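The block underneath contains the structure these notes are about, expressed in C-alpha cells.
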Amino acid sequence: YVLDEDHYVIGGPVNNGGVILRWLRDEILASEVETAKRLGVDPYDVLTQIASRVKPGAEGLIFHPYLAGERAPLWNADARGSFFGLTLSHKKEHMIRAALEGVLY
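Each step along the sequence shown adds one to the number in the numbering used here, with nothing skipped, and position 63 is 50.
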C-alpha cells in the first residue's frame, strides 16, 4: 500500500488471529476459563499468564496457525494448523505460548 511517494506498507491478510485465541480459550483452557469467570477475571488474561510461564520460543515448539486455511502469502483454503516439534516434555503452557507466537510472528 502506498503511504506517500516515498513510503509503502507491505502486508498480507491472515485468517487466523483472534480466532486462534478463541480456540485456545474454548478448547485448551476450558477449566481455567470457568474458574476465571467465577473469579471475575478475563479469560484472556489467564491465557497470557499461563503462556508467560514459558520462555519465548516455547522450548522449540512451533505452532502453524492455519486452522481456517490461509490467505497470505498465497491463498490456500486447504492449509491446516499443526504443532511441530511436540515432545513429551511440552506442557499446556508450551502449547499456548507456541500458538500465541505462531499468530504473532
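Note that the Cβ used here is the ideal one computed from N, Cα and C, for glycine as well.
Please read all numbers here as calculations on a predicted model, not as lab measurements.
Which word fits Phe71, buried or exposed, when buried means at least 16 other C-beta atoms lie within 10 angstroms of its C-beta? exposed
Span separating the alpha-carbon of Leu8 from that of Arg40: 17 Å
Measure the beta-carbon distance from Tyr(-12) to Val1 and round it to whole angstroms, keeping in mind my assumption that it falls under 8 Å. That belief does not hold up - the Cβ atoms of Tyr(-12) and Val1 are roughly 16 Å apart, past 8 Å.
How would you write the range of the beta strand (DSSP E) that Val(-11) sits in, first residue to last? Val(-11) to Asp(-9)
Are the segment 79 to 89 and the segment 35 to 55 touching, with three or more C-beta to C-beta distances below 8 Å? yes
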